[in-house]
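Trainee: Before I ask anything, let me first share the structure, which is written out below as structure tokens.
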Amino acid sequence: MENLKALSYDLRKNVVDMIVEGKGGHIGGDMSVMDILVELYFEQMNISPENMDDKDRDRFVMSKGHSVEALYAVLAAKGFFPIEQVIKEFSKFGSKFIGHPNNKLPGIEMNSGSLGHGLPVCVGMALAGKMNKQDYRVYTVMGDGELAEGSVWEGAMAAHQYKLDNLCAVVDRNRLQISGCTEDIMAHDSQEERWGSFGWHVISVNGNDYGELKAAFEEAKTVKGAPTVIIANTIKGFGSGVMENKANWHHKVPTEDEYTQIMKDLEAGKEAALHE
Amino acid sequence: MNKIPNRQAICEVLMEKAKEDKDIVVLCSDSRGSASLAPFAEAYPEQFVEVGIAEQNLVSISAGLAKCGKKPFVASPACFLSTRSYEQAKVDCAYSNTNVTLVGISGGVSYGALGMSHHSAQDIAAMSAIPNMRVYLPSDRFQTAKLIEALLQDEKPAYIRVGRNAVEDIYTQENCPFEMDKATVICEGSDVAIIACGEMVQPAVKAAELLKAEGISASVIDMYCVKPLDQEAILKAAAHAKLVITVEEHAPFGGLGSMVSQVVARECPRKVVNLALPDAPVITGNSKEVFDYYGLNAEGIVKTAKENL
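Protein chains in written order, with the working numbering: chain A, 1 to 276; chain B, 1001 to 1309.
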């Protein structure tokens, strides 16, 4: 098995390069969500450039579309497009690699960027799977700040109503949003009780730990008659002390000094992962 | 007098097509009764999705269904569908290019006495402003049926608005000329070109008859395809006329009148007069009372023609 943890540090480096080259990007959330995406794309979902038009492929919608840099890095690693091209063209004039997912790019199902859309869209995808008696699974990743959008809860109600056990949502619970701590802005604790009261199966894990993420996704597959949400407790800016748990790194371009330190930290993380 | 509202014509076509096409899915937001879609829900429970009173969810779920091969028809009051779920229409349908047909029922001032919250006098402007969103206002039940059949043939998003009440037939079962995205020329004339959509086509036809009796020659264009607008039909009619009158059940900005004026001003300058609802909450009343009050009737069109010729 590939060392996903080590891979995730390399992909984080790609993200930093993209953001420096493109002069902007949602770096903090990219870092927190990376392990969720890597686990999904490399362990859980049957999505690849070879089967991207296969009717039975799993479906993924990046509801927290602002973390598109992390998604680009993962899709590039899966072979959908070359990472060099993404880094060179990200956010540049006329680029296909814009600052939120768009489905003109291979590997991206739905355009997103406005929050609170991904879950309801995935309800439709999961419903189609049930209607067609197909076995694919549907995944979405939301931010925790995003949970203040009412449409998330409209989707949560419908997923329960239609017993969508082929649907698994992940909340990237990094506890920070652009203006500060989520609990100060619009409190979301306790996630377990909230989703549970909507009839969802809830699993809470360390969202930067591959063992825990894998176990949670496997558990979700065994649940019958109800959708699953994984509360992935993560660290915003994960991988470097320069960024970790700092709200002002929600959208930021590192300075030269910061860049050097971040890359050094990410390399150290990778080395440690390789020797675990 | 015809008793079948356009919404019922939609249900009839969908029920017929759903026999063979299991990918047709109808979605409602506690609106199956108002949409005349209860028979569909009863006949095809497997192809019917109820989302409750949640229009944002309604549209996003439809986009997800479409992305996985379904052909969703989404019926909800036009006032809510075009505003409450506007962003879902923009991002999940138009921007993501999903095969979703949004059916705004009880459009315009159909819910006359229920007040401005229930009027959809902005939907043409709002929906037309979204790239990759098409906007259709069919005039009668026969044209509505043809439009639904045509929309089943393509895979692009669209917004249709129909009214609540049965309207008089313009066409007949045997004679309903229809070409997708081409306006229907009901009659040709040399003094005034009347361009109308939806429920305003009927008064336009009557106005042309009244004008004829007074020696004024009018053409009538049924512009059911507001977007993509049939510019060729507009220019052809305008070129032969001294005056263009647009008639629509919509606010005065951003609707059919604005769009026709843009084309005429650019390509074939003529005086264009836009008949529309006011830029204000509409007076309380049923559709007919409201139309009469604001001159959105045959007499109003005749008066406008005579004043401006």
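Built from N, CA and C at the ideal position, the CB exists for glycine as well. Predicted, not measured: the structure shown is a model, and the values here were computed from it.
1. Determine the DSSP secondary structure at V223/A, reduced to helix, strand or coil.
2. Enumerate in chain order the residues of its own chain whose CB-to-CB distance from P227/A is below 6 Å, with the five nearest sequence positions on each side excluded.
3. Please confirm if the segment 129-147 of chain A is in contact with the segment 90-105 of chain A, defined as three or more CB-CB distances below 8 Å between the two stretches.
4. Using a Cβ cut-off of 9 Å (strictly closer), state whether R59/A contacts chain B.
5. Buried or exposed: L1309/B, going by 16 or more other Cβ atoms within 10 Å of its Cβ?
6. Can you tell me whether C181/A is buried or exposed, with buried defined as 16 or more other CB within 10 angstroms of its CB?
7. I need the DSSP call for R1032/B, collapsed to helix, strand or coil.
8. Out of P1072/B, G1295/B and E1299/B, which one is the CA nearest neighbour of P1157/B?
9. How about N111/A and S1096/B: are their beta carbons less than 9 Å apart?
10. On the criterion of 16 or more Cβ atoms from any shown chain inside 10 Å, does T1101/B qualify as buried, or is it exposed?
11. Can you name, in chain order, every residue of its own chain whose Cβ lies under 7 Å from the Cβ of I1004/B, other than the five neighbours on each side?
12. Verify whether the separation of the beta carbon atoms of M1259/B and V1226/B is less than 9 Å.
13. Below 8 Å on C-beta distance, what does E1028/B contact in chain A?
14. Distance, Cα to Cα, N1274/B vs S114/A?
15. In this structure, how does DSSP classify H1240/B when only helix, strand and coil are distinguished?
16. Taking any Cβ of chain A, which residues in the segment 1053-1084 of chain B have a Cβ under 7 Å from it, in chain order?
17. Restricting to Cα atoms, I'd like to know which of P1138/B, G1112/B and N1099/B is closest to N1132/B.
18. Please report the straight-line C-alpha distance between V1025/B and S1217/B, rounded to a whole angstrom.
19. Less than 6 Å between C-beta atoms, sequence neighbours within five positions excluded: which residues of the same chain meet that for G225/A?
20. Using a threshold of 9 Å, state whether the C-beta atoms of A1196/B and I1234/B are closer than that.
21. Any beta-carbon of chain A closer than 9 Å to the one on V1025/B?
22. Can you tell me whether L274/A is buried or exposed? The criterion is at least 16 other CB atoms within 10 Å of its CB, across all chains shown.
23. Is F1080/B helix, strand or coil by DSSP?
24. Quick check on V123/A - is its C-beta less than 9 Å from some C-beta in chain B?
25. CB L147/A to CB H117/A, shorter than 9 Å?
26. With distances taken between CB atoms, is the gap from E1244/B to V1272/B smaller than 9 Å?
27. Tell me whether K96/A sits in a helix, a strand or coil according to DSSP, three-state version.
28. Where does E69/A land, buried or exposed, given buried means 16+ other C-beta within 10 angstroms?
29. What is the rounded straight-line gap between the Cα of A1089/B and the Cα of K1206/B?
30. Measure from the alpha carbon of V61/A to the alpha carbon of each residue in S204/A, A77/A and L37/A, then state which is nearest.
31. Please list, in chain order, the residues of the segment 40-70 of chain A that have any C-beta partner in chain B closer than 9 Å.
32. Do you know offhand how far H1250/B's Cα is from N14/A's?
33. Give the DSSP-derived three-state secondary structure of F1048/B in the structure shown.
34. Taking any Cβ of chain A, which residues in the segment 1036-1050 of chain B have a Cβ under 9 Å from it, in chain order?
35. Please list, in chain order, all residues of the same chain as I1053/B whose beta carbon is under 7 Å from its beta carbon, the five residues on each side excluded.
36. Check this for me: beta carbons of T1328/B and G1115/B, under 9 Å apart or not?
Mentor: Quick look at the numbers:
1. V223/A falls in the coil class under three-state DSSP.
2. Residues of the same chain with a CB within less than 6 Å of the CB of P227/A, apart from the 5 flanking positions on each side, are A159, L164, L167 and W200 in chain order.
3. With a cut-off of 8 Å, the segment 90-105 of chain A and the segment 129-147 of chain A do not count as touching, because too few Cβ pairs lie within range.
4. Closer than 9 Å: yes.
5. The residue in question, L1309/B, is exposed, as its Cβ has fewer than 16 Cβ neighbours within 10 Å.
6. Exposed, since its Cβ has fewer than 16 Cβ neighbours within 10 Å.
7. Taken through DSSP and simplified to helix, strand or coil, R1032/B comes out as coil.
8. It is P1072/B.
9. Taking a C-beta distance under 9 Å as the contact criterion, N111/A and S1096/B qualify as a contact pair.
10. By the beta-carbon neighbour count (other beta carbons within 10 angstroms, threshold 16), T1101/B is buried.
11. Counting only residues of its own chain and dropping the five nearest sequence neighbours on each side, I1004/B has a CB closer than 7 Å to the CB of R1141 and A1166.
12. Contact annotation: M1259/B and V1226/B have beta-carbon atoms nearer than 9 Å.
13. The amino acid at residue 1028/B is misidentified as Glu; the sequence shows Cys. In chain order: nothing, as chain A lies at least about 13 Å away.
14. Cα to Cα, the separation comes out at about 36 Å.
15. H1240/B falls in the coil class under three-state DSSP.
16. Within the segment 1053-1084 of chain B, the residues whose Cβ lies closer than 7 Å to some Cβ of chain A are A1054, Q1056, N1057, S1060, I1061, S1062, A1063, G1064, L1065, K1067, C1068, G1069 and K1070, listed in chain order.
17. Minimum Cα distance to N1132/B is reached at N1099/B.
18. Between V1025/B and S1217/B, the C-alpha separation is close to 46 Å.
19. Excluding its 5 nearest sequence neighbours in each direction, G225/A has C-beta neighbours in its own chain below 6 Å: K163 and D165, listed in chain order.
20. Not closer than 9 Å, so no.
21. Cβ-Cβ to chain A under 9 Å: yes for V1025/B.
22. Burial call: exposed.
23. F1080/B: helix per DSSP, three-state reduction.
24. Output row for V123/A: interface = yes.
25. Judged by their CB atoms, L147/A and H117/A are not nearer to each other than the 9 Å cut-off.
26. The displayed chain sequence assigns Val, not Glu, to residue 1244/B. Yes.
27. If DSSP states are grouped into helix, strand and coil, K96/A belongs with coil.
28. Flag for E69/A reads buried.
29. Going from the Cα of A1089/B to the Cα of K1206/B covers about 36 Å.
30. Measuring from the Cα of V61/A, the nearest candidate turns out to be L37/A.
31. Going along the segment 40-70 of chain A in chain order, one finds K55, R59 and V61 with a Cβ nearer than 9 Å to chain B.
32. Their backbone Cα atoms lie some 51 Å apart in a straight line.
33. Note: F1048/B maps to strand in three-state DSSP.
34. Within the segment 1036-1050 of chain B, the residues whose Cβ lies closer than 9 Å to some Cβ of chain A are E1046, Q1047, V1049 and E1050, listed in chain order.
35. Contacts found: S1029 and D1030.
36. Past the edges of chain B, shown from 1001 to 1309, lies residue 1328/B, and the structure says nothing about it.
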